[in-house]
Amino acid sequence: MSLDLATTRRIAKLARIGLEDAELESVRQKLDGILGWVDQLSEVDVEGVPPMVGTEMEALRQREDVVTDGNCREAVLSCAPETSGPFYTVPKVVE
5 MSLDLATTRR IAKLARIGLE DAELESVRQK LDGILGWVDQ LSEVDVEGVP
55 PMVGTEMEAL RQREDVVTDG NCREAVLSCA PETSGPFYTV PKVVE
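One rule links them: number in the working numbering = place in the sequence shown (from 1) + 4.
Written as structure tokens, this is what we have:
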């Protein structure tokens, strides 16, 4: 597959890439090279090759949901400049 300059300009616009007219030919050639590599992949015989493990084939490993840093209110509040009981005190912003 070979791209023309109009298609290259449209791809650049869709990708929000600002290209000058002088740059279009260079980008077109690079895109043609990339599409050539993709075409080569279609020639590979994958008959009988099992798929690799992907996210749809493997269950997510989950850790146990345990609170590990709880019950440290005093340590957290000790960093505040002002507190009122178990709460931070902040200046009033809205009158």
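Glycine residues also receive a C-beta, built at the ideal position from the N, C-alpha and C atoms.
By the DSSP assignment, the alpha helix (DSSP H) with residue i in it spans what residues?
i, result
"residue 34", "25 to 45"
"residue 80", "77 to 81"
"residue 17", "9 to 18"
Can you give the Cα-Cα distance for residue i and residue j, rounded to whole angstroms?
i, j, result
"residue 46", "residue 76", "59 Å"
"residue 63", "residue 56", "14 Å"
"residue 31", "residue 14", "12 Å"
Within a Cβ cutoff of 6 Å, which residues of the same chain sit near residue i, ignoring the five residues on either side of it in sequence?
i, result
"residue 86", "93"
If the criterion is Cβ atoms closer than 8 Å, does the pair residue i and residue j meet it?
i, j, result
"residue 28", "residue 9", "yes"
Which one of the options has the shortest CA to CA distance from residue i?
i, options, result
"residue 79", "91, 6, 26, 97", "91"
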